[in-house]
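Notes to accompany the following structure.
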Amino acid sequence: MRAHDPSAGGDAPAGAPDAAVRTHDLSADGVLARVREAARTAVRIHGLPDAEITLINVSENATYRVDDPATGARSILRVHRLGYHSTPAILSELAWLDALREDAGVRTPRVIPAPGGSRVLTVPGAEPRDCVMFEFLPGTEPPEDRLAAGFERLGAVTARMHRHARRWSPPPGFTRFHWDYEAALGAESRWGRWQEGLGMEPGVLALLGRLDKELRERLHRFGRDPRRYGLIHADLRLANLLVVGDEPPSVIDFDDCGFGWHLYDLAAALSFIEHRPEVPELVDSWLRGYRAVLSLPAEDEAEIWTFVMFRRLLLVAWIGTHTGADIAAELGAGYTAGTCDLAERYLSGTLG
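Using UniProt numbering, the first residue of the sequence shown is number 1, and each one after it goes up by one.
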């Protein structure tokens, strides 16, 4: 999830801090100051002592643009949040990102190793932080006025990613988390419990509780057959795509990649816009692009709105635990209210 969130980016606001973190300033400014110092150290270790670093966004991680005045070269530095991913999990992410580019022709950013060859650089200190340097890819986020065409291209790229994941043999030690019901909404609730989201009045809790129950049952029936469930990007929102003209999009920010339902990638692409009237057209465009590469059975297509609502309820939880994020502050309790409107339609069978 990419959004500007000065309360996340690494420490206690989204989870219980460890003993070392408790000794530090946990304010947004305090967190970002330490993250920025880690970024400066990482850039120096990469041999760029005079580089300028500019914060692009903060969510689970902090992402900086790095400009080297000596050469004019530009790169991207990601400073990982404490406790979200282990170093082996980050290396696993990078392995798939490389394989997609080399084997499937999906444009992903290359990793720029630190001197000595480390692809994940652990910056030392009281709070050691993992950092990764990436090449800077050209392009911009897909334009709002051409979403249908963009979704068709996205559907095709997504199918290529799914096809690759089905055939790929991950390297030894490969580890990524799951985006199944338990991880997203159940016992684990990785982004927090939706019941603790914003605007949770009794009627809202009751309605969304009915939605939760329906989603749990339908996902259980849908099952985790490898033709439906496998390694996915899990956050293919427009903000994580870069386009140049009419070329297929480059795909960035694999931080949430893991094991989940293939249709979750479509649901994630609709994040925060699930209510818009053009969504059925966008879904049709995505399906057209996807089916140009891979088949998608009609019984799978029939559950698309199950995954859209699954993602939507997960985002209700995310907003509740990321109140410092710009988009969370903008949407607030109104997103919960909108979720209730969609839930009523979904539960009555009139959504879609």
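Glycine included, each C-beta is placed from N, C-alpha and C at the ideal position.
Residue from the options with nearest C-alpha to residue i
i       : options                               : result
Ala-343 : Asp-326, Ala-325, Phe-307 and Thr-321 : Phe-307
Thr-87  : Thr-175, Arg-345, Glu-60 and Arg-166  : Thr-175
Pro-171 : Gly-83, Gly-117 and Leu-91            : Leu-91
Glu-247 : Thr-41, Thr-140, Glu-274 and Asp-253  : Thr-140
Gly-245 : Pro-138, Gly-125 and Tyr-84           : Pro-138
Leu-331 : Arg-288, His-275, Leu-296 and Tyr-290 : His-275
Ala-73  : Glu-60, Ala-89, Ile-53 and Ala-38     : Ile-53
Gly-223 : Glu-214, Ala-239, Asn-240 and Trp-261 : Trp-261
Cys-131 : Ala-114, Asp-145, Arg-146 and Pro-142 : Ala-114
Tyr-84  : Asp-300, Asp-255 and Ile-327          : Asp-255
Ser-250 : Asp-326, Leu-97 and Glu-144           : Leu-97
Arg-227 : Asp-341, Leu-294 and Leu-77           : Leu-294
Glu-144 : Gly-116, Arg-210 and Leu-270          : Leu-270
Trp-179 : Ala-268, Gly-125 and Gly-117          : Ala-268
Glu-201 : Ala-39, Glu-214, Ala-333 and Ala-234  : Ala-333
His-162 : Ser-348, Asp-326, Ala-234 and Gly-203 : Ala-234
Leu-313 : Pro-142, Gly-117, Gly-125 and Glu-214 : Glu-214
Residue range of the beta strand (DSSP E) that includes residue i
i       : result
Met-133 : 129 to 135
Ser-189 : Premise fails: Ser-189 is in no beta strand (DSSP E) and is neither H nor E.
Phe-151 : Looking at the DSSP string, Phe-151 is not in any beta strand (DSSP E); the run it does join, the alpha helix (DSSP H), is 147 to 167.
Val-120 : No beta strand (DSSP E) holds Val-120; DSSP gives it neither H nor E.
Same chain, Cβ closer than 6 Å to residue i, neighbours up to 5 away in sequence not counted
i       : result
Leu-266 : Trp-286
Arg-216 : Tyr-181
Phe-151 : Leu-282, Ser-285 and Trp-286
Ala-104 : Arg-160 and His-164
Asp-25  : Confidence at Asp-25 is low in this model, with a pLDDT of 46, below 50, so the placement of that residue is unreliable and no value is reported for it.
Leu-94  : Val-111 and Arg-119
Thr-41  : Val-123
Ala-183 : Arg-190
Tyr-229 : Trp-261
Gly-352 : Trp-305
Ala-38  : Val-79, Val-123 and Arg-129
Arg-146 : none
Same chain only: Cβ atoms within 8 Å of residue i, ignoring 5 sequence neighbours per side
i       : result
Ala-99  : His-164 and Trp-168
Tyr-335 : Leu-198, Phe-272, Leu-315, Val-316 and Ile-319
Thr-350 : none
Ile-112 : His-46, Ser-75, Met-133, Phe-134 and Glu-135
Ala-51  : Val-43, Val-66, Asp-67, Asp-68 and Pro-69
Ala-148 : Glu-278, Glu-281, Leu-282 and Ser-285
Arg-288 : Glu-152 and Gly-155
Asp-18  : With a pLDDT of 31 at Asp-18, under the threshold of 50, the modelled position of this residue cannot be trusted, and the question is left open.
Leu-121 : Ala-42, Ile-45, His-46, Ala-114, Asp-130, Cys-131, Val-132 and Met-133
Thr-71  : none
Glu-301 : Leu-287
Arg-210 : Ala-343 and Leu-347
His-220 : Tyr-181
Whole-number beta carbon distance between residue j and residue i, since they are thought to touch under 8 Å
i       : j       : result
Gly-258 : Phe-177 : 5 Å
Glu-127 : Arg-34  : 7 Å
Leu-236 : Thr-339 : Actually they do not touch by this definition, with Cβ atoms about 20 Å apart.
Leu-242 : Ile-232 : With a Cβ gap of about 19 Å, Leu-242 and Ile-232 do not count as contacting.
Arg-311 : Tyr-264 : 7 Å
Leu-82  : Arg-36  : Wrong, their Cβ atoms sit about 15 Å apart, outside the cutoff.
Asp-212 : Leu-185 : 6 Å
Leu-205 : Gln-195 : 6 Å
Arg-218 : Glu-303 : 7 Å
Run of the alpha helix (DSSP H) containing residue i, from where it starts to where it stops
i       : result
Trp-179 : First-last for Trp-179: undefined, no H or E at that position.
Ile-304 : 304 to 321
Pro-202 : 202 to 222
Ile-112 : Taken as a continuous stretch (DSSP letters only), Ile-112 belongs to no alpha helix (DSSP H), as it is neither H nor E.
Gly-332 : 326 to 348
Contact set for residue i: own chain, Cβ-Cβ below 7 Å, skip 5 residues either direction
i       : result
Thr-23  : For Thr-23, the predicted structure reports a pLDDT of 38, less than 50, and the residue's modelled location is therefore unreliable. A value from the coordinates is still provided. The answer is none, since no qualifying residue turns up.
Leu-55  : Ala-62 and Tyr-64
Ala-337 : Gly-199
Arg-101 : Arg-107 and Thr-108
Ala-292 : Ala-156
Arg-2   : Residue placement at Arg-2 cannot be trusted, given a pLDDT of 43 that sits under 50; the coordinates are not used to answer.
Leu-296 : Leu-287 and Tyr-290
Glu-188 : Glu-182
Gly-173 : Pro-88
Legend entry - Sequence ranges, beta strand (DSSP E) only - wholly within the region 50 to 99, length at least 3: With a minimum length of 3 residues, the continuous beta strand (DSSP E) runs that stay inside the region 50 to 99 are 52 to 58, 62 to 67 and 74 to 79.
Inset, instruction - Jot down the residue ranges of each uninterrupted beta strand (DSSP E) in the region 226 to 300, minimum 3 residues, whole runs only, in chain order. - result: Fully enclosed beta strand (DSSP E) runs of 3 or longer: 229 to 232 and 258 to 261.
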